[in-house]
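Encoded as structure tokens, the structure appears first; notes follow it.
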Amino acid sequence: MRDLFAIRKETSPRVRLALAVVAWAFLVALWFALTSLAVLPPFSLPNPQGVVAAFLRLWVEYDLPGNVFMSWWRIGQAFVWSALVAIPLGLLMGAFRWLNNLVNPVAAPMRSMPITAFLPAFIALFGM
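Below, the structure is given as structure tokens:
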């Protein structure tokens with residue numbers, strides 16, 4: 002126990018596992034306590050039993066693994082398509098100054114925007 006408080010001393014894998022279990026157990030116990038005492042409304046923090054029941058229902062009735070796979074498939078497709086456009090465009094912009102001067106005024110203002118800011122625009126343009 003004294004070794005836990007030694008500065009910069011490596012902990013054993015068994016102690017790391019025990020600390021991880023304690024941390025998760027503490028969070029779940031806190032979750033149970035907050036929901037049983039009704040500190041927050043159920044819409045903000047649902048009870049753990051309801052979350053597990055909803056997860057099982059999503060898994061069995063609504064094909065959660067299939068939907069997760071389809072989301073990953075779409076993300077992978079988006080990455081491939083964007084790489085197929087962006088890599089040649091970037092190389093061409095580096096090679097030809099006139100193409101850089103053509104594309105950069107449109108692309109430069111968007112560099113500082115977070116990706117999530119584009120989501121409403123994409124939904125409006127392309128639909129769900």
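Going by this note's numbering, the first residue of the sequence shown is number 2, and it counts up by one from there.
Even glycine gets a Cβ: it sits at the ideal position worked out from N, Cα and C.
Computed from a prediction, not measured in an experiment: that's the story for all the values here.
Measuring only the C-alpha atoms, how far is A68 from T117?
Taking the sequence shown and counting its residues from 1, the one referred to as residue 68 is at position 67. Taking the sequence shown and counting its residues from 1, the one referred to as residue 117 is at position 116. First, the residue type needs correcting, since residue 68 is Asn and not Ala in the sequence shown. About 21 Å.
Under the three-state reduction of DSSP, which class applies to M94: helix, strand or coil?
Locating residue 94 in the sequence shown gives position 93, where the first residue counts as 1. Helix at M94.
If you draw a straight line from the C-alpha of L18 to the C-alpha of A24, how long is it?
The count along the sequence shown starts at 1 and reaches residue 18 at position 17. The count along the sequence shown starts at 1 and reaches residue 24 at position 23. Rounded to whole angstroms, L18 to A24 spans 10 Å at the Cα level.
Give the straight-line distance between the Cα atoms of A108 and S72, rounded to the nearest whole angstrom.
Stepping through the sequence shown from its first residue, residue 108 is reached at position 107. Stepping through the sequence shown from its first residue, residue 72 is reached at position 71. C-alpha separation (whole angstroms): 27 Å.
Tell me the rounded alpha-carbon separation between P106 and W74.
Along the sequence shown, read from residue 1 onward, the residue named residue 106 stands at position 105. Along the sequence shown, read from residue 1 onward, the residue named residue 74 stands at position 73. One alpha carbon belongs to P106, the other to W74, and they sit about 32 Å apart.
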